[in-house]
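Participant: Take the sequence shown: its letters are residues 1 to 599, numbered as in UniProt numbering.
Yeah, the Cβ is synthetic: ideal placement off N, Cα and C, and Gly gets one too.
Note that this is a predicted model, so its numbers are computed, not measured.
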Amino acid sequence: MIHLPGNFSYGRGRETLARAQVLRRSWPFFLDLCVAGMGLACFYGVVKIATYWFGGAQPEITISQSPRALPLYAFYSIVRIGLAYVLSLVFAIGYGYIAAYNRRVEALMLAALDILQSIPVLSFLPGVMLAMVALFPHRQIGVEMGAILLIFTGQVWNMAFSFYSSIKSIPRELSEAANVYRFSRWQKLVQLELPYAAIGLVWNSMVSVAGGWFFLMACEMFVLGPRDFRLPGLGSFLQTAAGTGNGVAIAWGLAVMIAIIIATDQLVWRPVIAWCDKFKFEQVEGKARVKSPLLMLLQHSAAVKGISEHVFGPLNEAVYKRLAERRKERFAKGLSEGVVPEEKERTLRTEFTLVRSVAVLVVGSAVLYSAWRALMLLRTVEGGQALLIFEGAGATFLRVNVSLLLAAAWTIPAGVAIGFNPRLARIAQPVAQVVASVPATALFPVLLLALVRMGGGLGIGSIALMMLGTQWYILFNVIAGAMAIPSDLREVATLFRFTRVQRWKTVILPGIFPYLITGMVTASGGAWNASIVAEYFRLKNQTLQTLGLGAQISAATDAGQFQLLLLATMVMALMVVTINRLVWRPLYRLGETRYKLEG
């Protein structure tokens, strides 16, 4: 016999159940409407930006400081950073893949990566912007593509290092299993290499986008001599407000930027982190998992499920089936001809040797000609100017290393704590995203004025600005490394009652070591890059600078002295490559061999 509460009505109970059933039926429809709304919004955004880009080239643009201009400015900046990130992701995967699997060019590609990440954005600016404008002389898209490529140069290098390092540290048994099952290169990339590198790639993507916000102000406010390449955007809004000392406009701009960063964290990064948590390399499933309400809603959307089951699923099966058939056909054809596929591949490589040699000869000739022209340009540099550049290189070298040591002192323990504690990560990750993405140059006037009043100056303030721009590379890589440590290793350490020192020595530091080195390398290059804004700053129509290589690059760019710009850039690249070769490259090899996770 069932006893109902005194105030329970059977009719009311049936009505409540009916309402619950209606809600369960209508909820997927509501989710589908949300997905469709986002699709329509993206379509409208594409139409809007295409209309602006393919219109006529804009003359000198006046940047408004009114808050009413912020929505449109923010939209333009989001599109530039988003397209630069997509370009960076594709480049990072392709570049890291080739460098990891082609031993003939691996050393050369890593050296090129060292050089490229050390070259400041301002060194790319004149050539890239002038080339894009010359390519599209009568369209706005030329200047826009120049800005996107420049933001790309500030985002891509740590992602390429991360993907390369992840491929080199894939456990041997996983690679052998892929070879045993005859995975094609595409199948191995999609089903092994990308999943294994997902955690590091996602966290480096976050810090790359933060770096894009950092250099957005320089990319949207570029002036080369008499030519003005300013673009309407959030970065130019903040730069104009900081230059005029308009505190209200700075507050409005920072508020909009923080709102965008928080929305990006909740709508993009949090779902992606929760999704890629399944790619963690472990034998025992961890108890604590990162969760995302938006990811759960998308997973329960009928429209998303339908697209996945009826479009992407059959497409993947068709691609894998076709690759397997082609591989089987090549193998059978080779056997019928008495030649195994490996021997045929070697024959094809031999046939292409002549073509490759001709290509190398042509590219080498172009490089030698460019180098000769550059040396001719350097002949105009005076001895006193060259001596000043070398003195500035020593000063910047000291600032970079001090900023790295100070940054590592707090980011390593903080990153491990965030990576080990999902609850703390839910709070700390958005905060770190916001702080990392806010351009330090927007806050620098307040910091600089405070240091001047305390008796310091730009020499000390430049170290603080370098830290604000580069410490996040270490923090986000350490978080990724801590999250990638298998849960079973941490549980074993708890089971055997390791002390805190033992836990750090045997589990934490070896586990995060490859990620830490990636973070330190990219942070080092980022600190050199940040010197161009840390040592040379405009405040209320005044130019403040200190002795340093970054200041000399910025001053040479403003004055259009390309010979000094070239010499300073070459010195900076040479110093970074030397440090990487003597310090970071041996540590990279140590991480690939001794601290590689194996089953």
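Please tell me whether Pro128 and Gly146 are closer than 7 Å, where the distance is taken between their beta carbons.
Facilitator: In the sequence on display, residue 128 carries Val and not Pro. Going by C-beta atoms, Val128 is nearer than 7 Å to Gly146.
Participant: Please determine if the stretch 395–407 and the stretch 530–538 are in contact, where contact requires at least 3 C-beta pairs separated by less than 8 Å.
Facilitator: Flag = yes, the stretch 395–407 and the stretch 530–538 touch.
Participant: Starting from the Cα of Ser66, find the closest Cα among Ala249, Pro171, Tyr85 and Asn179 and give me that residue.
Facilitator: Comparing Cα positions, the closest option is Ala249.
Participant: Taking the alpha-carbon positions, what's the Ala551 to Arg423 distance?
Facilitator: Rounded to whole angstroms, Ala551 to Arg423 spans 42 Å at the Cα level.
Participant: Would you list the one or two residues that DSSP bridges to Thr51?
Facilitator: In the DSSP output, where bridge partners are listed per residue, Thr51 has none listed.
Participant: Who are the Cβ neighbours of Ile463 in its own chain at under 6 Å, not counting the five residues just before and after it?
Facilitator: Arg399, Val402 and Ser403, listed in sequence order.
Participant: What is the C-beta distance between Ala408 and Leu547, in whole angstroms, given that I count them as a contact (C-beta under 8 Å)?
Facilitator: Actually they are not in contact, since the Cβ atoms of Ala408 and Leu547 sit about 25 Å apart, beyond 8 Å.
Participant: For Pro514, is the classification buried or exposed, using 16 other Cβ atoms within 10 angstroms of its Cβ as the cut-off for buried?
Facilitator: Buried.
Participant: Quick check: Ser88 and Thr518, are their CB atoms within less than 7 Å of each other?
Facilitator: Result no, Cβ atoms of Ser88 and Thr518 do not sit closer than 7 Å.
Participant: Considering Cα atoms alone, identify which of Gly212, Thr522, Leu150 and Leu189 is closest to Pro588.
Facilitator: Before going further, note that residue 588 is Tyr rather than Pro in the sequence given. For the residues Gly212, Thr522, Leu150 and Leu189, the minimum Cα distance to Tyr588 belongs to Thr522.
Participant: Name the two residues that bound the continuous alpha helix (DSSP H) containing Lys188.
Facilitator: Run containing Lys188: Arg185 to Lys188, per the alpha helix (DSSP H) assignment.
Participant: Quick check on DSSP: helix, strand or coil for residue 622?
Facilitator: Nothing about residue 622 can be reported from this structure: the residues present for the chain run from 1 to 599 only.
Participant: Could you check which residue in Ser205, Leu72 and Glu176 has the C-alpha nearest to that of Ala160?
Facilitator: Cα-wise, what sits closest to Ala160 is Ser205.
Participant: Mind listing, in chain order, the continuous alpha helix (DSSP H) runs of no fewer than 4 residues lying wholly within the stretch 452–497?
Facilitator: Counting whole runs of 4 or more residues, the stretch 452–497 contains the alpha helix (DSSP H) stretches 458–484 and 487–495.
Participant: Would you say the beta carbon of Trp203 comes nearer than 6 Å to a heavy atom of the ligand SAH?
Facilitator: For the ligand SAH, the structure offers nothing, since it holds no ligand at all.
Participant: Within 10 Å of its beta-carbon, does Ser357 have 16 or more other beta-carbons around it, so buried, or fewer, so exposed?
Facilitator: Flag for Ser357 reads exposed.
Participant: Which two residues bound the contiguous alpha helix (DSSP H) that contains Asp558?
Facilitator: Here the alpha helix (DSSP H) through Asp558 covers Leu549 to Ala559.
Participant: Measuring CB atoms only, is the stretch 263–280 touching the stretch 182–202, in the sense that at least three cross pairs come out at less than 8 Å?
Facilitator: Cβ pair count under 8 Å is three or more, so yes.
Participant: Is Phe537 helix, strand or coil when you go by DSSP?
Facilitator: Phe537 falls in the strand class under three-state DSSP.
Participant: Determine contact between the stretch 168–180 and the stretch 489–499, defined as no fewer than three beta-carbon pairs at a distance below 8 Å.
Facilitator: Judged by Cβ distances under 8 Å, the stretch 168–180 makes no contact with the stretch 489–499, as fewer than three pairs qualify.
Participant: Can at least three beta-carbon pairs, one atom from the stretch 477–488 and one from the stretch 412–420, be found at a separation below 8 Å?
Facilitator: Cβ pair count under 8 Å is three or more, so yes.
Participant: Report the residue from Leu564, Arg103 and Leu406 whose alpha carbon sits nearest the alpha carbon of Ile553.
Facilitator: Checking every option, the nearest Cα to that of Ile553 belongs to Leu564.
Participant: Closer than 7 Å by C-beta to Ile151: which residues in its own chain qualify, once you throw out the five before and the five after it? Chain order, please.
Facilitator: Taken in chain order, the residues that qualify are Arg80, Ile81, Ala84, Gly212, Phe215, Leu216 and Cys219.
Participant: DSSP on residue 606, reduced to helix/strand/coil?
Facilitator: The structure shown does not extend to residue 606, since the chain spans only 1 to 599, so no value can be given for it.
Participant: Quick check on the burial criterion: 16 or more other C-beta atoms within 10 angstroms. Buried or exposed for Lys168?
Facilitator: Flag for Lys168 reads buried.
Participant: My guess is that Val207 and Ala74 are in contact by the Cβ rule of under 8 Å, so how many angstroms apart are they, rounded?
Facilitator: Between Ala74 and Val207 the Cβ distance is about 21 Å, and since that is not below 8 Å, they are no contact.
Participant: Does the stretch 226–242 touch the stretch 98–117, meaning 3 or more C-beta pairs lie closer than 8 Å?
Facilitator: With the cut-off at 8 Å, the stretch 98–117 and the stretch 226–242 do not touch.
Participant: Could you work out which residue in Ser162, Gln117, Phe136 and Thr51 is closest to Ile93 when comparing CA atoms only?
Facilitator: When only C-alpha atoms are compared, the closest one is Ser162.
Participant: Tell me where the alpha helix (DSSP H) around Ile273 begins and ends.
Facilitator: Residues Arg270 to Cys276.
Participant: Determine the burial state of Gly247: buried for a count of at least 16 other Cβ atoms within 10 Å of its Cβ, exposed for fewer.
Facilitator: With fewer than 16 Cβ atoms within 10 Å of its Cβ, Gly247 is classed as exposed.
Participant: Starting from Phe390, follow the alpha helix (DSSP H) in both directions and report where the run begins and ends.
Facilitator: Phe390 -> alpha helix (DSSP H) spans Gly383 to Phe420.
Participant: Can you check which of these residues, Met221, Gln187, Phe420 and Leu378, is closest to Asn316 by C-alpha distance?
Facilitator: Selected option, being the one with the closest Cα: Gln187.
Participant: Do you know how far the Cα of Ala69 is from the Cα of Val156?
Facilitator: About 30 Å.
Participant: Return the CA-CA distance between Gly419 and Ala425, expressed in angstroms with no decimal places.
Facilitator: Going from the Cα of Gly419 to the Cα of Ala425 covers about 7 Å.
Participant: Do you know offhand how far Leu192's Cα is from Ile170's?
Facilitator: Each residue's Cα considered, the two are about 9 Å apart.
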